[in-house]
Every structure is written in C-alpha cells, then in structure tokens.
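Undergrad:
There are 2 protein chains.
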Amino acid sequence: MLRAHQGIGVFYKKLTFPGVTKLQCQLSTAISGEPSKPSIKTSVPGPKTKQLYQELNSLQQAGSVQLFADYDKSIGNYFVDADGNEFLDSFTQISSVPIGYNHPELLNAFQDAHNLKALVNRPALGVFPSMDWPDRLKNVLMSVAPAGVGNVATMMCGSCSNENAYKCVFIWYRTKERGGKVDFTPEEMNSCMINQPPGSPNLSILSFQGSFHGRTFGALSTTRSKPIHKLDCPSFDWPVAPFPRYKYPLDQHQRENKKEDEKCLEQVADAIEAYKKKGNPVAGVIVEPIQSEGGDHEASPEFFQGLQKICKKNGVALIIDEVQTGCGPTGKMWCHEHFQLPSPPDLVTFSKKMLTGGFYFTPEFKPPHAYRVFNTWMGDPGKLILLEKVLKVIKNENLLTVVNKSGKVLKDGLHQLEKEFPNIINSVRGRGTFLAFNAVSTEVRDKINNNLRPNGILGGVCGDHAIRLRPALVFQPKHAEIYLDALRKTLKEL
Amino acid sequence: MLRAHQGIGVFYKKLTFPGVTKLQCQLSTAISGEPSKPSIKTSVPGPKTKQLYQELNSLQQAGSVQLFADYDKSIGNYFVDADGNEFLDSFTQISSVPIGYNHPELLNAFQDAHNLKALVNRPALGVFPSMDWPDRLKNVLMSVAPAGVGNVATMMCGSCSNENAYKCVFIWYRTKERGGKVDFTPEEMNSCMINQPPGSPNLSILSFQGSFHGRTFGALSTTRSKPIHKLDCPSFDWPVAPFPRYKYPLDQHQRENKKEDEKCLEQVADAIEAYKKKGNPVAGVIVEPIQSEGGDHEASPEFFQGLQKICKKNGVALIIDEVQTGCGPTGKMWCHEHFQLPSPPDLVTFSKKMLTGGFYFTPEFKPPHAYRVFNTWMGDPGKLILLEKVLKVIKNENLLTVVNKSGKVLKDGLHQLEKEFPNIINSVRGRGTFLAFNAVSTEVRDKINNNLRPNGILGGVCGDHAIRLRPALVFQPKHAEIYLDALRKTLKEL
Numbered sequence: 291m292l293r294a295h296q297g298i299g300v301f302y303k304k305l306t307f308p309g310v311t312k313l314q315c316q317l318s319t320a321i322s323g324e325p326s327k328p329s330i331k332t333s334v335p336g337p338k339t340k341q342l343y344q345e346l347n348s349l350q351q352a353g354s355v356q357l358f359a360d361y362d363k364s365i366g367n368y369f370v371d372a373d374g375n376e377f378l379d380s381f382t383q384i385s386s387v388p389i390g391y392n393h394p395e396l397l398n399a400f401q402d403a404h405n406l407k408a409l410v411n412r413p414a415l416g417v418f419p420s421m422d423w424p425d426r427l428k429n430v431l432m433s434v435a436p437a438g439v440g441n442v443a444t445m446m447c448g449s450c451s452n453e454n455a456y457k458c459v460f461i462w463y464r465t466k467e468r469g470g471k472v473d474f475t476p477e478e479m480n481s482c483m484i485n486q487p488p489g490s491p492n493l494s495i496l497s498f499q500g501s502f503h504g505r506t507f508g509a510l511s512t513t514r515s516k517p518i519h520k521l522d523c524p525s526f527d528w529p530v531a532p533f534p535r536y537k538y539p540l541d542q543h544q545r546e547n548k549k550e551d552e553k554c555l556e557q558v559a560d561a562i563e564a565y566k567k568k569g570n571p572v573a574g575v576i577v578e579p580i581q582s583e584g585g586d587h588e589a590s591p592e593f594f595q596g597l598q599k600i601c602k603k604n605g606v607a608l609i610i611d612e613v614q615t616g617c618g619p620t621g622k623m624w625c626h627e628h629f630q631l632p633s634p635p636d637l638v639t640f641s642k643k644m645l646t647g648g649f650y651f652t653p654e655f656k657p658p659h660a661y662r663v664f665n666t667w668m669g670d671p672g673k674l675i676l677l678e679k680v681l682k683v684i685k686n687e688n689l690l691t692v693v694n695k696s697g698k699v700l701k702d703g704l705h706q707l708e709k710e711f712p713n714i715i716n717s718v719r720g721r722g723t724f725l726a727f728n729a730v731s732t733e734v735r736d737k738i739n740n741n742l743r744p745n746g747i748l749g750g751v752c753g754d755h756a757i758r759l760r761p762a763l764v765f766q767p768k769h770a771e772i773y774l775d776a777l778r779k780t781l782k783e784l
Numbered sequence: 291m292l293r294a295h296q297g298i299g300v301f302y303k304k305l306t307f308p309g310v311t312k313l314q315c316q317l318s319t320a321i322s323g324e325p326s327k328p329s330i331k332t333s334v335p336g337p338k339t340k341q342l343y344q345e346l347n348s349l350q351q352a353g354s355v356q357l358f359a360d361y362d363k364s365i366g367n368y369f370v371d372a373d374g375n376e377f378l379d380s381f382t383q384i385s386s387v388p389i390g391y392n393h394p395e396l397l398n399a400f401q402d403a404h405n406l407k408a409l410v411n412r413p414a415l416g417v418f419p420s421m422d423w424p425d426r427l428k429n430v431l432m433s434v435a436p437a438g439v440g441n442v443a444t445m446m447c448g449s450c451s452n453e454n455a456y457k458c459v460f461i462w463y464r465t466k467e468r469g470g471k472v473d474f475t476p477e478e479m480n481s482c483m484i485n486q487p488p489g490s491p492n493l494s495i496l497s498f499q500g501s502f503h504g505r506t507f508g509a510l511s512t513t514r515s516k517p518i519h520k521l522d523c524p525s526f527d528w529p530v531a532p533f534p535r536y537k538y539p540l541d542q543h544q545r546e547n548k549k550e551d552e553k554c555l556e557q558v559a560d561a562i563e564a565y566k567k568k569g570n571p572v573a574g575v576i577v578e579p580i581q582s583e584g585g586d587h588e589a590s591p592e593f594f595q596g597l598q599k600i601c602k603k604n605g606v607a608l609i610i611d612e613v614q615t616g617c618g619p620t621g622k623m624w625c626h627e628h629f630q631l632p633s634p635p636d637l638v639t640f641s642k643k644m645l646t647g648g649f650y651f652t653p654e655f656k657p658p659h660a661y662r663v664f665n666t667w668m669g670d671p672g673k674l675i676l677l678e679k680v681l682k683v684i685k686n687e688n689l690l691t692v693v694n695k696s697g698k699v700l701k702d703g704l705h706q707l708e709k710e711f712p713n714i715i716n717s718v719r720g721r722g723t724f725l726a727f728n729a730v731s732t733e734v735r736d737k738i739n740n741n742l743r744p745n746g747i748l749g750g751v752c753g754d755h756a757i758r759l760r761p762a763l764v765f766q767p768k769h770a771e772i773y774l775d776a777l778r779k780t781l782k783e784l
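Protein chains in written order, with the numbering used here: chain A, 291 to 784; chain B, 291 to 784.
1. Going by the CB atoms, is the gap between Pro579 (chain B) and His503 (chain B) shorter than 8 Å?
2. Under 7 Å Cβ-Cβ, which residues of chain B neighbour Gly366 (chain A)?
3. So, are the CB atoms of Thr513 (chain A) and Ser494 (chain A) less than 8 Å apart?
4. What are the residues in the stretch 343-354 of chain A lying within 7 Å of chain B by C-beta distance?
5. Is the beta carbon of Val430 (chain A) less than 8 Å from the beta carbon of Glu678 (chain A)?
6. I need the straight-line Cα distance from Asn392 (chain A) to Thr475 (chain A), nearest angstrom please.
7. Is it buried or exposed, Thr732 (chain B), if we count other Cβ atoms within 10 angstroms and call 16 or more buried?
8. Ser490 (chain A) versus chain B: which residues are under 7 Å apart at the beta carbon?
9. Using a cut-off of 7 Å between C-beta atoms, extract the partners of Thr639 (chain A) located in chain B.
10. Using only the alpha-carbon positions, how far apart do Gln316 (chain A) and Lys327 (chain A) sit?
11. Taking the alpha-carbon of Leu785 (chain A) as reference, which of A:Gly489, A:Leu510 and A:Pro487 has the nearest alpha-carbon?
12. What are the residues of the stretch 433-464 of chain A that lie near chain B, defined by any Cβ-Cβ distance shorter than 7 Å?
13. Counting only Cβ-Cβ distances shorter than 7 Å, please list the residues of the stretch 469-494 of chain B near chain A, keeping chain order.
14. According to a CB-to-CB cut-off of less than 7 Å, which residues of the stretch 378-411 of chain B neighbour chain A?
15. Quick check: the Cα distance between Leu637 (chain B) and Val439 (chain B), rounded to an integer number of angstroms?
16. Buried or exposed for Leu784 (chain A), going by 16 or more other Cβ atoms inside 10 Å?
17. Could you tell me the distance, in whole angstroms, from the CA atom of Gln314 (chain B) to the CA atom of Gly750 (chain B)?
18. Are there 16 or more other CB atoms within 10 angstroms of the CB of Ser329 (chain A), so buried, or fewer, so exposed?
19. For the stretch 662-679 of chain A, list every residue whose C-beta sits within 8 Å of some C-beta in chain B, in sequence order.
20. Under 8 Å, with one C-beta from each stretch per pair, do the stretch 737-747 of chain B and the stretch 568-576 of chain B reach the 3-pair mark?
21. Who are the neighbours of Gln356 (chain A) on chain D, taking C-beta pairs under 8 Å?
22. Since Val707 (chain A) contacts Arg778 (chain A) with CB under 8 Å, what's their CB separation in whole angstroms?
23. Can you check whether the C-beta of Arg743 (chain A) is within less than 8 Å of a C-beta belonging to chain B?
24. At the 8 Å Cβ level, is Met421 (chain A) part of the contact set with chain B, yes or no?
25. Which residue or residues does DSSP assign as beta-bridge partners of Asp611 (chain A)?
26. Using a Cβ-Cβ distance cut-off of 8 Å, determine whether Ser511 (chain A) contacts chain B.
27. Would DSSP call Arg735 (chain A) helix, strand or coil?
28. Cβ of Thr615 (chain A) less than 8 Å from any chain B Cβ?
29. Can you list the residues of chain A that Phe724 (chain B) reaches, using a CB-CB cut of under 7 Å?
30. Roughly how many angstroms separate the alpha carbons of Ile757 (chain A) and Thr723 (chain A), rounded to a whole number?
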C-alpha cells in the first residue's frame with residue numbers, strides 16, 4: 291500500500307552550489323520527477339481524449355471539457371493527458387492547484403491515522419465538529435487571516451462562500467435597521483415564509499461590470515462576466531457599476547487611468563443612491579482585487595481605497611472576493627494586501643487554491659443567531675488538512691518569493707513579446723504570476739491559446755480577448771522561460 | 291503509518307450459528323469495536339465540550355454546536371464525544387453518514403495509490419477530468435441511478451445540486467419557449483447582463499409548505515421550513531403550495547388523508563395557474579419524498595402520482611429532492627421508488643449519504659450549451675471514491691434488508707410506545723429506518739430529545755414537535771432495541 295509513492299519523500303531536492311546565494315538555490319529547487327520540458331506526442335486533443343469525450347458526453351453536457359488527464363503521471367507543474375502528452379500547466383485547473391500535481395506533502399497527509407479518520411468521518415461541522423476543530427481553524431485558516439479580519443467560516447466552494455457572505459451582510463444590515471434588536475416581528479416571520487418583505491426584504495448587493503462571483507442564484511445575480519453564464523436564469527434586480535478599464539502601459543497613461551478610477555467610483559456612489567431611492571438599498575459591495583474570469587482587469591490601490599470610503603460613508607459592507615486571487619499568486623497571501631486599505635475589509639471570501647471554501651469576517655458580521663449561516667457540512671475537514679500542508683510548503687519553500695521572482699521573469703518576458711509582436715498582443719498586466727495579456731481579437735486570442743498546446747503549454751483564457759496565466763505557486767523562473775519560449779514560437783507561427 | 295487501523299480489516303464479523311437462517315446471520319452481524327451499549331460518563335454536554343464551545347464561538351457563530359466529537363474513537367453506530375461519552379447515534383450528522391463511523395472500507399479507500407492521487411489532485415472536472423472519470427460515473431453513480439433517469443451531474447452539496455437542477459429546468463423551459471432554438475437574441479444577451487428580462491426571465495420554482503431545499507439564495511427561495519432559515523434574506527417571488535398533513539394512524543384516517551391529498555394537489559394546480567397569469571410562470575416543482583427538516587411529513591404514492599400528472603399537463607418539470615431520503619434509509623435506494631410513478635421524474639437531486647452532491651436527469655434537461663451548468667470543481671472525485679465503497683458495502687452487507695428489518699423493529703416499538711404514552715407522543719410514521727414521531731408540544735419534544743442523551747442516545751428533531759430517526763444503514767435490530775429501551779426510560783422519567 292502506498293508503495294507507489296515511496297521514495298519521493300525528497301521531492302524537492304535542495305541543490306546547493308558554491309557561490310550561489312541561498313535565494314537562488316531555493317529558486318532553482320528541482321521538483322523530483324518533473325520532465326525537463328514539455329513533450330507532445332499526438333495531436334491535441336489526442337485520440338484517447340476524443341474517445342473519452344464521447345463517453346462523458348453521453349452522461350452529461352461535456353462541451354467544456356478540454357482534455358482528459360492522467361493524474362497518476364502529472365507531476366509538479368506538468369499536466370499529463372490521457373494520450374501521454376506532457377504540458378507545462380499555466381492554468382492549473384482554473385487556478386485551483388496551489389503547489390502542483392502530486393506534491394508529496396499532500397500524498398502523505400492522510401498517512402496519519404488521525405487525519406485519515408477526519409477525512410472519512412466527515413461531520414456536520416455546525417453541530418458535531420471534532421474536538422480539534424477549533425485548533426485546526428486557529429492553526430490553519432487563522433494563521434493566514436487578512437490583518438484585522440479575525441473571524442472565519444468554512445464552506446464548500448467559492449459560490450457558496452459568496453452566497454453566505456451575502457447572507458451575513460443582509461443580516462448585519464437588517465440588524466442595524468432594527469437598532470441592534472435581535473428579535474423579529476410576527477409580520478417579518480410570516481412574510482418571509484411566502485418570500486415577501488419585510489421578512490424577505492428588498493436589499494441588494496452591488497457588483498461590477500465584468501465581475502465573476504459564482505453561479506448559484508445569489509452569486510449569479512452579482513456575476514457580470516458573460517451572457518452564457520447568466521442567460522435564462524431568474525435574477526435579483528441588483529445594481530452594477532463599471533470597473534476600471536485601464537490603458538497600458540500604465541506608466542504612460544496615469545492621468546487617463548486616474549480619471550477612469552474616478553468615473554467608476556462616481557458611478558458606484560450613484561448606483562447606491564439610485565437603489566436606495568427605488569426601495570432596494572445596497573447592503574454590500576462585492577469586488578475582486580483583480581477581475582479574473584471577466585478578463586483580468588486590475589484596478590489601482592487608490593480605486594480600492596476610494597471604494598472602501600464610499601462603502602463606509604453609506605453604511606454598506608465591503609466584500610473582497612479573493613476566490614481566485616487568494617493564497618499567494620499575486621505575491622502576497624491576499625491580493626488586497628497590495629492596496630493599503632485604511633481599515634480591514636468587512637469580509638474576504640476564498641476557495642480554489644485554499645482548497646476549502648470559506649470567508650473571513652469582522653466580528654460585527656457574526657450573525658446574532660445560530661442556524662442562519664448554516665448547512666449540513668459547513669465545509670470539509672479533509673480540505674483543511676490538505677490546506678495545512680499547502681501553507682507549510684508555502685512557508686518552507688518560500689513560495690511567495692518564488693512567485694515574485696517567476697512573476698518578474700514572466701512579466702518582463704511578456705513586455706518584451708508585446709514589443710516584438712505589437713500587432714498581435716498588448717496590455718501585459720497583473721501582479722506576481724497572476725498575469726495576463728490581450729490579443730487583438732477574440733479569434734486571434736483563441737488561436738494563440740489553441741496553438742500553445744502543440745507547443746507544450748496548457749493555457750487559459752478570460753474575458754473577450756485575454757490570455758491569463760495561472761501557474762501553481764511552485765512555478766519557477768525556469769518554467770517561466772519555457773512558457774515564454776513557447777509563446778514566442780506560437781506568435782511567430784501565427 | 292496507518293498502523294492504527296491494522297487489524298480491523300474484519301470489522302464486520304460474520305457470525306454463524308446452527309439453526310439460524312442466512313438473513314438472521316447477516317442481521318446479527320457484529321461491528322468490530324462497537325461498544326455493546328451506550329456509556330455516559332459526564333453531564334451532557336460535558337466540561338471539555340463546554341470549553342471547546344467557547345473557543346469555537348470566538349471564531350464564528352457556534353450556537354448550533356451540540357457536541358464536540360472524538361472521531362478517532364467513534365465507531366459504527368456509536369458517536370464518542372470529547373468527554374468520552376459513547377452515544378448510540380440515531381441522527382448521524384444530520385443523516386449524512388451512510389455506513390457508520392470509521393468503516394474499514396472507507397479507511398482503506400485511499401490505501402490505493404490511484405485513489406489517493408485522485409483525492410489530492412482535485413481537478414476542474416468540467417474541463418480536465420481524469421481519464422477514468424467517465425467510467426467512475428458509470429460504475430458508481432449510474433449503477434444506482436433511478437430507473438429511466440440516465441444522465442448525471444456531480445456537485446458539491448445539496449443546495450448546489452438543487453440550484454443547478456433549477457438552472458437546468460429554467461434553460462429547458464426557455465428553450466421550449468424558443469421552439470427548440472438554441473441561439474439568443476441580442477436583447478436577451480444584453481438584458482441578462484443587467485439582471486432584467488427577457489435574458490433574466492421571470493420564471494419560478496414551486497415548492498411546498500414545510501419543505502427544505504437548501505440555503506443559498508435560489509434554494510432558499512424554495513425552502514419553507516422555518517423563519518430563522520429565511521429571515522433577512524432577499525427572496526424570489528416564487529409560489530408555495532400546501533403539502534399533505536396526515537392524521538395518524540394512517541389506516542384509521544384513510545378518507546380524510548385522501549381528501550388532504552386532493553386539496554393539496556388542487557392548490558398546486560391553482561398556484562401554477564396564478565403564477566402564469568401574473569407573468570412569473572412555474573418552470574419546475576421541487577418536492578421531497580418525505581419532508582424532513584420541516585417535520586418528517588410523508589405523502590402517499592397517489593399524491594406523488596397526482597403531482598406528476600399536474601406537472602406533465604402544465605409543461606412543468608418535476609424535481610425530486612432525495613438529498614435526505616436517498617441512498618437507502620427508506621429501505622429502497624431512492625424513496626420515490628415507493629411511489630410507482632407512471633414515468634420517471636425529470637430530475638432527482640442527492641447529497642448527504644451519497645457523500646457527493648449531484649443530480650440525475652433525463653436527456654431533455656441536458657443544457658444545449660457548455661458552461662451553463664458549470665463551476666470550478668463540479669464535485670470532487672475523492673467523494674466518488676468513498677461512495678463506491680459505500681455502495682459496495684450496501685450490496686455485500688445487504689444493508690437495504692437490514693434497514694427494512696431494523697425499521698420494522700423500530701416502528702413496531704414506536705407504535706407500542708405511543709400506546710404506552712399517548713399523552714406524550716403520537717403520529718409514528720415513515721419508511722425503513724427513516725422514521726419520526728411527534729411530541730405533544732415543542733417544549734416536550736425538546737425535553738425528550740435532551741433527556742435521551744444522558745440515556746445514551748444522540749437524537750435529532752425536526753419541524754415544530756417531531757423527533758426524527760436518522761440512523762446509519764448499519765443500524766441493526768439490536769441497536770433498535772437499545773434505542774427503544776432508552777426512549778421508554780426517557781418517557782417514563784418525563
């Protein structure tokens with residue numbers, strides 16, 4: 291049992307050479323078992339993938355499937371598909387793989403009998419948590435809590451985390467309206483059972499054009515990425531405001547981009563005012579630190595500082611959605627740490643690389659009654675056990691430093707490529723390895739992304755014409771070089 | 291490594307005695323390591339639990355927590371708490387533990403290297419599923435699919451499963467309205483981005499008074515269990531109809547209960563008509579085979595047959611929510627199999643004992659485009675691996691037979707107790723071990739449930755005055771006797 295993994299205990303081989311600094315050593319750390327470069331043996335998708343697609347599509351809508359994977363063979367930054375092709379993975383399961391494939395710390399996590407029992411005896415965490423659950427929350431999730439945001443709830447996924455953050459916000463807002471009273475009128479209790487005000491109040495969450503916050507009905511009412519995500523689904527009448535759309539390079543468009551910030555913030559304030567007037571007040575604003583699915587749109591620290599100011603002025607909660615940006619890819623644990631907000635955000639939601647869903651919140655957002663932010667499982671201890679290992683690896687391997695170093699190599703290289711191919715790509719942007727660039731059209735963008743595959747790169751797209759980079763935190767400068775070489779080759783071949 | 295589990299490979303000891311039939315043997319199967327009876331050593335909750343509660347409550351709203359558990363020591367049907375008390379568990383984590391605590395099949399599941407890698411390399415299943423994923427779906431989920439419902443999608447939890455079933459229903463309904471066309475007008479594409487019709491249409495899901503379908507905003511708009519579940523959350527204006535409230539014993543109230551069915555069905559038809567007239571047509575009806583959270587209300591096969599007939603007549607989809615009833619506790623894999631529906635239900639949702647969320651659906655509910663019923667993870671292969679083991683144990687240990695046998699002992703015993711204590715409890719009802727009875731008041735009900743604990747039973751409540759039994763599928767007649775003895779003692783002491 292587990293023999294297949296024996297011998298890879300020293301997965302990350304620390305290499306030391308005379309005259310090489312400690313940091314360089316850490317960054318040149320080799321991942322045992324990783325190929326030295328991509329290797330593409332068949333057409334992509336290959337024959338096995340095509341056959342498997344037919345099988346899966348007979349059971350469900352499989353149109354979104356790109357490749358079938360061999361997760362026994364995938365390793366580190368390399369994704370191996372069903373046809374034996376080895377890709378350098380710059381998309382990592384829609385940005386949800388923190389430390390690469392088959393990391394030994396993760397493979398070993400359930401060798402511990404206590405951890406294994408926590409995995410298979412999944413409790414209703416809101417009713418019968420294990421006796422080590424408070425400690426697990428403290429030692430794992432709270433060890434990386436954003437400064438000043440000292441409470442946490444676990445959930446299952448990003449959508450569920452956002453939905454429950456909204457619930458906390460609505461409960462907080464209504465409790466404020468009641469002057470802090472925590473009992474309900476008979477009218478409220480009766481009306482909510484038929485989905486009518488005042489028990490089911492007209493309250494809204496403001497989100498931004500291009501935002502993505504999930505696909506369940508509450509989350510979907512705040513998602514504004516693409517029509518195909520929203521069509522045919524009933525939706526709450528909730529307000530939307532523009533999110534900055536910057537001109538690049540940033541240092542040559544400072545004045546215009548500052549005006550863009552101001553215009554967007556004005557419209558946030560206007561929407562809050564308008565929805566108050568129409569009897570559907572804004573209780574919360576949700577925002578991604580970098581809009582991801584919608585096209586990798588970034589905004590300045592000043593924009594986020596201004597947004598927080600508007601929220602505070604209007605008694606509106608500020609929810610930062612760090613589902614995609616959280617857990618290190620921007621070079622800090624949480625992307626909003628780049629913004630120097632004058633005070634902590636009210637709620638910060640997470641999922642993806644964090645492996646468990648959930649949200650941090652300040653004490654005023656703790657619901658005053660039990661069973662209001664609640665469900666059967668309330669998360670999954672098995673995921674927290676894996677996250678504990680991930681955080682240990684991030685610390686021990688200095689992965690935030692790796693992200694910053696690799697991110698610099700990537701971004702410098704992308705800037706070089708946008709100079710070499712100005713008629714094809716532009717607008718290189720982002721933080722850490724959380725980077726993106728635009729192609730001149732959707733058609734060209736899709737062609738680049740498809741053609742990257744035979745050149746050994748598994749990539750991702752977002753918005754109308756962006757290619758997004760979402761490598762794991764173990765993506766090293768040498769992987770960045772491989773990515774850049776393959777991209778240059780692809781652009782040349784176009 | 292894993293040494294703690296060695297030696298419990300023969301967890302279920304098959305005992306054979308001369309003159310005892312095979313079935314009796316199977317039913318007297320002993321679970322290795324299980325105590326012979328409950329053992330309560332401290333007050334409940336004990337001092338350790340009280341201390342842990344303070345710790346947890348400093349991080350989150352912990353008011354719903356009843357006990358902290360020792361999952362290393364919990365075994366089979368016995369839940370061991372932080373204070374060392376050993377309870378016979380008749381509630382099993384809100385009905386979500388299929389084959390008891392620390393079953394060796396589950397503990398061994400990830401000894402297999404391939405399974406372990408599937409667990410730690412959690413993919414975005416909608417984009418990069420593993421090469422064995424189509425087979426896993428076929429061999430595990432489709433092996434127990436309800437007859438005639440041949441498609442399946444995996445999700446994370448019950449709420450998410452219902453929300454996505456609703457999306458499939460809305461997409462199906464609008465596609466019908468378009469005469470089968472699968473392209474969209476510019477008006478639809480633009481309006482959905484601002485949450486307005488026609489892109490975000492006014493369509494509704496009808497649910498029943500007392501129903502529980504989850505707590506995210508779409509699911510919550512169909513949940514009608516208790517005000518505390520719904521207060522302060524904005525809600526869709528969706529219709530509600532009464533669900534039968536029977537008089538017991540059923541065989542003495544056949545005529546009244548039949549009239550109750552007819553009254554409820556009439557109001558379903560009326561609500562469908564009324565919401566059509568007000569421009570918010572009903573696209574789907576969702577119903578639990580036995581209303582659980584809302585008070586364990588059952589309805590006759592004729593009610594469900596009539597409901598299906600109304601749905602078909604009105605072009606409305608019928609969603610059966612088997613989140614709590616599915617996976618065997620009623621003595622059949624799916625509770626709706628008891629209803630002899632003339633044709634298969636359109637969608638059947640599941641979670642809890644199935645360990646993975648998801649829903650079965652007929653082919654017409656397969657969305658015509660990719661990326662509409664989609665999210666990052668789309669379930670979790672690790673849960674399917676555990677479910678595979680659960681289904682194997684259900685088959686090998688004849689657990690549906692055990693459920694029916696234990697259920698008969700329980701129900702006969704409860705009927706006896708309602709005769710012995712007619713001023714305290716009444717209305718014994720349910721199928722298999724999925725049973726309930728009422729107390730004469732909420733106060734008395736809560737007292738019974740609390741007092742069961744010092745007598746060794748961990749129980750659950752639902753609705754206003756019901757106690758619900760939700761043991762695991764490995765709950766045997768001998769456990770039923772222990773439960774009944776403790777309940778008798780509790781009722782006597784009242």
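Cβ atoms here follow ideal geometry from the backbone N, Cα and C, with glycine treated the same way.
TA: Taking the coordinates as given:
1. no
2. Ordered by position in chain B, no residue passes the 7 Å Cβ test against Gly366 (chain A), which lies about 11 Å from the chain.
3. No, Cβ-Cβ distance for Thr513 (chain A) and Ser494 (chain A) is not below 8 Å.
4. Hits within the stretch, in order: Glu345, Leu346, Leu349, Gln350, Gln351, Gly353 and Ser354.
5. yes
6. Distance from the CA of Asn392 (chain A) to the CA of Thr475 (chain A), rounded to the nearest whole angstrom, comes to 54 Å.
7. Classification of Thr732 (chain B): exposed, given that the 10 Å Cβ count is below 16.
8. Lys520, Cys523, Pro524 and Ser525
9. Under the 7 Å cutoff, chain B gives no residues; its nearest Cβ is about 13 Å from Thr639 (chain A).
10. Bear in mind that a pLDDT of 45 at Gln316 (chain A), under 50, signals an unreliable position, so the number given afterwards is only what the model happens to contain. So the alpha carbons of these two residues sit roughly 20 Å apart.
11. Outside the modelled stretch of chain A, which goes from 291 to 784, sits residue 785 (chain A), for which no answer is possible.
12. Asn441, Val442, Ala443, Met446, Cys447, Gly448, Ser449, Cys450, Glu453, Lys457, Phe460, Ile461 and Arg464
13. Within the stretch 469-494 of chain B, Phe474, Glu478, Met479, Cys482, Met483, Ile484, Asn485, Gly489, Ser490, Pro491, Asn492 and Leu493 place their CB atoms closer than 7 Å to a CB of chain A, listed in sequence order.
14. Gln383, Ile384, Ser386, Tyr391, Asn392, Leu396, Leu397, Phe400, Gln401, Ala403, His404, Leu406, Lys407, Ala408, Val410 and Asn411
15. 7 Å
16. exposed
17. With a pLDDT of only 41 at Gln314 (chain B), under the threshold of 50, the placement of this residue in the model should not be trusted; the figure read from the coordinates follows. So the two alpha carbons sit approximately 29 Å from each other.
18. Result: exposed.
19. Arg662, Val663, Phe664, Asn665, Thr666, Trp667, Gly672 and Leu676
20. no
21. Note that chain D does not occur in the displayed structure, where the protein chains are A and B.
22. It should be noted that the sequence gives Leu, not Val, for residue 707 (chain A). Correct: roughly 6 Å between the Cβ atoms.
23. no
24. yes
25. DSSP lists A:Thr639 as the beta-bridge partner residues of Asp611 (chain A).
26. yes
27. It is helical.
28. no
29. Result: empty, since nearest Cβ-Cβ is about 16 Å, beyond 7 Å.
30. Cα-Cα distance, rounded: 13 Å.
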